[in-house]
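Take a look at the structure below.
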Amino acid sequence: MKISIIGSGYVGVVTGACLSEFGHEIIFVDIDQKKIDLLNKGIPPIYELGLADILEKNKHLISATDDYNSAIGATDLTFISVGTPCAENGTIDTVYVRSAAENIGSALKNTGKKDIHTIIVKSTVFPGTTESVVLDALERMSGKTAGEGFYLGCNPEFLKEGVAIEDFMNPDRIVIGSYDDGAGRVLSELYASFDCPKVITGIKTAEMIKYTSNAFLATKISFANEIGNICKKAGIDTEEVFKGVGLDARINPSFFRSGIGFGGSCFPKDVRALLSGAAESGVDTAILKAVLDVNEAQPLVMIDLLNKHIPDLKGRKVGLLGLAFKPDTDDIRESRAIPVISALTDMGAEVVGYDPLASENMSVLFPDVVYAKEISEVMACDAVLITTEWPEFENLDYSGKLVIDGRRVRRAAETAEIYEGVCW
Ligand code: UDX
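Per our numbering, the sequence shown starts with residue 186, numbered consecutively.
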């Protein structure tokens with residue numbers, strides 16, 4: 186197929202790159218000339234394991250432009266994968282989705298395409314958005330009707346950063362929301378070779394599946410953290426508890442790692458959006474509220490443990506191992522290191538941070554933190570806080586150190602002079 190992808194952020198580029206592996210021709214559309222230039226050279230504009238190799242290998246199938254008319258005119262299928270940032274009140278801001286849909290609508294009109302075009306929303310949007318925002322913009326600008334002049338659907342992604350390519354290629358399931366039969370047919374054909382269950386449903390339901398999945402995973406983590414806090418007081422190993430719990434097939438062992446909570450571009454934002462959407466429709470959501478409350482409180486448990494050993498942090502050097510919201514990414518969005526750094530600097534500590542990839546991004550938020558080039562600079566601090574479970578932190582010699590471990594890095598527990606795990 187010939188496929189255009191609007192928005193060459195994380196989801197867009199991974200989707201385009203992976204689809205090029207099946208021989209599809211990909212045209213990225215973006216407003217950022219820097220991203221366009223990089224993609225045209227076969228270079229990824231974002232960091233993701235394995236992405237550079239695919240883009241380099243499939244350079245002949247991939248191009249990028251800022252011109253909607255040429256991209257829509259030359260393709261049969263368009264994915265919208267632009268950002269849906271969090272608005273002030275917790276809802277999502279649909280400004281980019283709307284403008285992408287308007288531009289696609291205009292391009293459908295301008296190019297006078299005869300073949301029916303399929304438009305699929307991949308961006309995470311609140312249930313109802315594709316029908317209220319995208320459908321309206323497409324019909325208004327193209328002068329065509331959905332189901333006759335174009336097909337419309339949505340296809341939420343379930344990609345974890347760091348393993349996004351693996352997740353795309355081997356999904357647990359593919360969810361397709363179809364406004365008309367056409368979108369369902371086109372996507373079923375696109376994903377025909379994927380050996381996994383395919384859920385073909387209405388658009389709103391598909392949108393809700395995405396939110397519910399992320400909200401449930403976030404709930405598992407906050408639940409594990411709450412149980413972990415209880416276990417810590419009782420001297421019980423939380424990890425062992427969840428090993429035993431997860432063996433129940435109804436429960437499943439994944440996403441029960443307790444620590445300083447969840448970050449990233451999806452969980453916090455999606456839970457907030459679901460909360461706001463529920464509040465707008467008059468539904469009380471006690472569980473979702475608690476999920477966020479526990480997540481906010483968890484990094485401060487780390488600070489309390491540190492204070493237990495160093496009550497006055499003024500002028501003391503505190504080292505942070507890990508700034509990214511999780512390993513194998515340079516992404517610091519909603520990283521739990523952020524509230525930890527804020528609390529430490531408020532208390533007058535000197536913060537020294539180390540991360541294999543994310544220091545530059547964090548330095549924009551916290552220019553006064555010292556960003557160590559070598560792990561040894563962190564190890565020379567008065568205390569070491571482990572905030573991201575990068576594999577290289579596992580084999581360090583923590584002997585003689587005060588270590589507060591927010592991510593259960595085992596060797597830290599074995600070798601530290603004073604060791605405190607946040608929830609264990
Ligand atoms: C998540 C979803 O997993 C993915 O399906 C969705 O499409 C996008 O959001 P991502 O944000 O990339 O993916 O990372 P994920 O691996 O899910 O981790 C999110 C956060 O939760 C990280 O901060 C991680 O450290 C934390 N986490 C995860 C835990 O604290 N405990 C766990 O058991 C699992």
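The beta carbon of each residue, even a glycine, is placed where N, CA and C say it ideally should be.
Closer than 6 Å: is that where the CB of residue i sits relative to any heavy atom of the ligand UDX?
i, result
"residue 165", "Any question about residue 165 goes unanswered here, given that the chain covers just 186 to 609."
"residue 197", "no"
"residue 451", "yes"
"residue 454", "no"
"residue 444", "yes"
"residue 511", "yes"
"residue 394", "no"
"residue 231", "no"
"residue 448", "yes"
"residue 440", "yes"
"residue 343", "yes"
"residue 421", "no"
"residue 517", "no"
"residue 361", "no"
"residue 406", "yes"
Taking Cβ positions, are residue i and residue j nearer each other than 7 Å?
i, j, result
"residue 430", "residue 436", "yes"
"residue 336", "residue 285", "no"
"residue 543", "residue 506", "no"
"residue 579", "residue 596", "yes"
"residue 487", "residue 607", "yes"
"residue 281", "residue 290", "no"
"residue 459", "residue 400", "yes"
"residue 195", "residue 231", "yes"
"residue 443", "residue 467", "no"
"residue 294", "residue 327", "yes"
"residue 552", "residue 521", "no"
"residue 609", "residue 512", "no"
"residue 346", "residue 322", "no"
"residue 339", "residue 306", "yes"
"residue 502", "residue 416", "no"
"residue 447", "residue 480", "yes"
"residue 352", "residue 344", "yes"
"residue 594", "residue 571", "yes"
"residue 127", "residue 266", "Residue 127 lies beyond the residue range present for the chain, which begins at 186 and ends at 609; the question has no answer from this structure."
Please name the residue or residues paired with residue i in a DSSP beta bridge.
i, result
"residue 305", "264 and 338"
"residue 363", "338"
"residue 331", "335"
"residue 378", "None; residue 378 has no bridge partner."
"residue 605", "589"
"residue 189", "212 and 263"
"residue 258", "Paired residue(s): none; residue 258 is not in a bridge."
"residue 385", "361"
"residue 504", "537 and 569"
Please go through the same chain and pick out, in chain order, the residues whose beta-carbon is closer than 7 Å to the beta-carbon of residue i, but skip the five residues on each side of it.
i, result
"residue 217", "none"
"residue 189", "212, 214, 256, 257, 260 and 263"
"residue 225", "248 and 249"
"residue 330", "324"
Spatial neighbours of residue i within its chain, please: CB distance less than 6 Å, with the 5 preceding and 5 following residues excluded, ordered by chain position.
i, result
"residue 240", "202, 227 and 229"
"residue 601", "583, 586 and 588"
"residue 455", "396 and 399"
"residue 292", "253, 254 and 257"
"residue 205", "211, 243, 246 and 247"
"residue 423", "413, 416, 443, 608 and 609"
Go through its chain and collect everything with a Cβ distance to residue i's Cβ below 8 Å, but skip five positions before and after it.
i, result
"residue 386", "360, 361, 362, 363 and 394"
"residue 127", "Coverage of the chain is limited to positions 186 through 609, which leaves residue 127 absent and any answer about it impossible."
"residue 461", "274, 275 and 276"
"residue 562", "504, 537, 539 and 555"
"residue 470", "459, 460, 463 and 464"
"residue 498", "491, 492, 529, 532, 533 and 534"
"residue 451", "309 and 399"
"residue 233", "195, 198, 199, 346, 347, 349, 350 and 514"
| message | Just to confirm the assignment: which complete alpha helix (DSSP H) runs, minimum length 4, are found wholly within the region 420-444? | response | When DSSP assignments are scanned along the region 420-444, the uninterrupted stretches of alpha helix (DSSP H) that are 4 or more residues long and fall wholly within it turn out to be 423-431.
| Which residue spans inside the region 526-584 form an unbroken alpha helix (DSSP H) run of at least 4? | When DSSP assignments are scanned along the region 526-584, the uninterrupted stretches of alpha helix (DSSP H) that are 4 or more residues long and fall wholly within it turn out to be 544-550 and 560-564.
| Which full runs of the alpha helix (DSSP H) of 4+ residues lie inside the region 271-328, going along the chain? | 280-296 and 320-327, all fully within the region 271-328.
| said: Report the start-end ranges of each alpha helix (DSSP H) in the region 442-478 that is 4 residues or longer and not cut off at the edges. | reply: Here the runs fully enclosed are 452-465.
| message | In chain order, what are the residue ranges of uninterrupted beta strand (DSSP E) at least 3 long that sit wholly in the region 226-256? | response | The beta strand (DSSP E) runs lying completely inside the region 226-256 and spanning 3 residues or more are 247-250, given in chain order.
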